[in-house]
Amino acid sequence: MEFLTLQEAVGKYVPDGACAALEGFTHLIPFAAGHEIIRQGRRDLHLVRMTPDLVYDQMIGMGCASRLTFSWGGNPGVGSLHRLRDAVERSFPGPLEIDEHTHAGMAAAYCAGAARLPFGMLRGYIGTDLPAANPRIRSVECPYTAERLTAVPAVNPDVTILHAQRADTHGNVALEGIIGAQREAALAARSLVVTVEEIVEAFPPAMNSVVLPHWVVSAVVLCPGGAYPAYAQGYYERDNDFYLRWDSISRDRATFRAWMDRHVLGSRCHSEFLASLQDAA
Amino acid sequence: MSDWTRDEMMTVAAARMLWDGCVCFVGIGLPSAACNLARLTHAPGIVLIYESGTIGTRPEVLPLSIGDGELARTASCVVPLPEIFSYYLQGGRVDVGFLGAAQIDRFGNLNSTVIGAYDAPTTRLPGAGGAPEIAAHARQTFVVLKASPRSFVPRLDFRTSAGYLDGQGARRRTTARGGGPTAVITDFGILTPASDSEELELSALFPGATAEEARSAVGWPLRVAARIETLPPPGATEITTLRALHARTQEAHSRAVHVPA
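Quick note, the sequences are listed as chains V and X, same order. For what it's worth, our numbering labels the leading residue of the first sequence as 1, then goes sequentially. For what it's worth, our numbering labels the leading residue of the second sequence as 1001, then goes sequentially.
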């Protein structure tokens, strides 16, 4: 475990062509890390996330990705992810290969990845066209009952990036609230980078908040506000109004690009990004 | 001229189908409004599960996303996502799953993946999310979808979630443990599966709606049940509770967020 700046962590752990999972189910989405990947001009990434959300819409729209593993690609409660759609429907800014699953399938794939098993198993995808569209979704026979069960290949990202509320000075990481499949994504990965709201001497008492021990963590990055416009429970709320506005910002290629140029590429770091939004308000 | 909208009637009709103590897997949008309306009126003990892992949540305002902080803050417990899908849903502990879609066919199969061919879609939709396993494992599902010949189609462009497949008991021959869609709540009334063929048929109409209107809104020759019920209009408590919920929600979602930096 090492403490790094966000620039250093992305530079070291996210090379071109890497398989990267920036996880966080609506809550604790590592937006700051996604923006830094865009600033450093990464290309040809295989992105993995259950819900691509705005963070992958931005990364895909800026040309960082050539492949996407996912299970629900919308703007939650709002509608489409327009940059993802543009990539799938019109190969803009480049072709995007998709590896599509269900939430239950992705969860099983992360669990298998964390356990270093070759595949996850579930009673899933029943009566759906997904296995016909995605040959990686297969079946396996139960050795006890002969029932056919669905198999999905394990997900083992080169790097998983999370955002968490806190790390301590040893690099142990604690996150609480809605925790999605972050623990599984973290332990499935070869490297684990975590951005945090704050670094504390010792965690506040909480028996069951998820703790990732320092020896499974590759790097901790202090990055307050790093989940904005998603949220960090106990620190700041989800900016639902921004999610609503993203629909019009992202619908048009030029408007999207102008927004990214001004706010993401025009900022050297996440605090400058947040300040640029204040200026625009 | 009635003093309620068809949207409101859909929400009220869906809410009335839920019972006190029912364990309900909730989706965003109208299902979330219906479930919370039920909780705030006749079903205070309803258990609302959102796929983000929040169990027994009692939100003051409707969430915009499936994982808003409001859901976690008001939940009786928050569990990891693999646990929700594996132990609760696949484990058979969910009574009712609510689903929406872009397209539905006469057997209640749903498409939320693509319009057009999968490899070259004219419209790429968000995709499956939790729906296929909700459709498979909830004891029963309710589908909520506004009707038009574009949404109620003879043939799906893609089958994302299984209803009764090709009908005539086809679903029961799969390993799906749940019972399938028992009601489709749409903007003229309710369709329910016929007991033998499992084909959806018109069984209830909203006040002011007609079977003729229903037939023209559906893209296949719609069958009509032997007896069509006319549903009572929204009551005063239902409508004031629902409107207050939407007003609180709108105010909360437009509130400025303070971000520490």
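The beta-carbon is built from N, C-alpha and C at its ideal position, and this holds for glycine as well.
Quick one: give me the first and last residue of the beta strand (DSSP E) that residue i is part of.
i, result
"residue 1263 of chain X", "Past the edges of chain X, shown from 1001 to 1261, lies residue 1263 of chain X, and the structure says nothing about it."
"residue 99 of chain V", "97 to 100"
"residue 1141 of chain X", "1140 to 1144"
"residue 235 of chain V", "Premise fails: residue 235 of chain V is in no beta strand (DSSP E) and is neither H nor E."
"residue 1115 of chain X", "1114 to 1116"
"residue 116 of chain V", "It is not in any beta strand (DSSP E) - residue 116 of chain V carries neither H nor E in the DSSP assignment."
"residue 1134 of chain X", "Careful: residue 1134 of chain X lies outside any beta strand (DSSP E), inside the alpha helix (DSSP H) at 1131 to 1137."
"residue 1185 of chain X", "1181 to 1185"
Taking the alpha carbon of residue i as the reference point, which residue from the options has its own alpha carbon closest?
i, options, result
"residue 71 of chain V", "V:78, V:100, V:56, V:89", "V:100"
"residue 1150 of chain X", "X:1057, X:1041, X:1219, X:1072", "X:1219"
"residue 1179 of chain X", "X:1107, X:1126, X:1148, X:1208", "X:1107"
"residue 168 of chain V", "V:198, V:150, V:31, V:188", "V:198"
"residue 123 of chain V", "X:1087, X:1127, X:1003, X:1123", "X:1087"
"residue 1025 of chain X", "X:1135, X:1009, X:1186, X:1104", "X:1135"
"residue 89 of chain V", "X:1188, X:1081, X:1121", "X:1121"
"residue 102 of chain V", "V:79, V:52, V:140", "V:52"
"residue 1251 of chain X", "X:1236, X:1063, X:1238", "X:1063"
"residue 14 of chain V", "V:2, V:25, V:27, V:38", "V:38"
"residue 1233 of chain X", "X:1022, X:1036, X:1207, X:1118", "X:1207"
"residue 1126 of chain X", "V:257, V:44, V:57", "V:57"
"residue 25 of chain V", "X:1256, X:1158, X:1080, X:1224", "X:1080"
"residue 1228 of chain X", "X:1198, X:1211, X:1109", "X:1211"
"residue 1195 of chain X", "X:1223, X:1213, X:1188", "X:1223"
Let's test the definition: count the other Cβ atoms within 10 Å of the Cβ of residue i and tell me whether it reaches 16, buried, or not, exposed.
i, result
"residue 1054 of chain X", "buried"
"residue 239 of chain V", "buried"
"residue 1114 of chain X", "buried"
"residue 1077 of chain X", "exposed"
"residue 1092 of chain X", "exposed"
"residue 1001 of chain X", "A caution first: residue 1001 of chain X carries a pLDDT of 46, below 50, which makes its placement in the model too unreliable to give a value."
"residue 144 of chain V", "exposed"
"residue 1186 of chain X", "buried"
"residue 1039 of chain X", "buried"
"residue 64 of chain V", "buried"
"residue 1254 of chain X", "exposed"
"residue 1165 of chain X", "buried"
Residue i CB to nearest chain A CB: under 9 Å?
i, result
"residue 1036 of chain X", "The question asks about chain A, but that chain is absent: this structure's protein chains are V and X."
Taking 9 Å as the CB-CB cut-off, is residue i touching chain X?
i, result
"residue 129 of chain V", "yes"
"residue 163 of chain V", "no"
"residue 160 of chain V", "no"
"residue 66 of chain V", "no"
"residue 81 of chain V", "yes"
"residue 191 of chain V", "no"
"residue 58 of chain V", "no"
"residue 239 of chain V", "yes"
"residue 138 of chain V", "no"
"residue 195 of chain V", "no"
Return the first residue and the last residue of the alpha helix (DSSP H) that residue i is part of.
i, result
"residue 23 of chain V", "Per DSSP, residue 23 of chain V belongs to no alpha helix (DSSP H) and is neither H nor E."
"residue 38 of chain V", "31 to 39"
"residue 1035 of chain X", "1030 to 1040"
"residue 1193 of chain X", "Taken as a continuous stretch (DSSP letters only), residue 1193 of chain X belongs to no alpha helix (DSSP H), being part of the beta strand (DSSP E) at 1189 to 1193."
"residue 256 of chain V", "253 to 260"
Three-state secondary structure (DSSP) at residue i?
i, result
"residue 248 of chain V", "helix"
"residue 1086 of chain X", "helix"
"residue 1017 of chain X", "coil"
"residue 13 of chain V", "helix"
"residue 168 of chain V", "strand"
"residue 1238 of chain X", "helix"
"residue 1201 of chain X", "strand"
"residue 997 of chain X", "The first residue shown for chain X is 1001 and the last is 1261, placing residue 997 of chain X beyond what the model contains."
"residue 1050 of chain X", "strand"
"residue 1012 of chain X", "helix"
"residue 108 of chain V", "helix"
"residue 1156 of chain X", "coil"
"residue 46 of chain V", "strand"
"residue 219 of chain V", "strand"
"residue 279 of chain V", "helix"
"residue 1161 of chain X", "strand"
Could you tell me whether any Cβ in chain V is nearer than 9 Å to the Cβ of residue i?
i, result
"residue 1218 of chain X", "no"
"residue 1253 of chain X", "yes"
"residue 1259 of chain X", "yes"
"residue 1123 of chain X", "yes"
"residue 1126 of chain X", "yes"
"residue 1052 of chain X", "yes"
"residue 1064 of chain X", "yes"
"residue 1094 of chain X", "no"
"residue 1072 of chain X", "yes"
"residue 1028 of chain X", "yes"
"residue 1068 of chain X", "yes"
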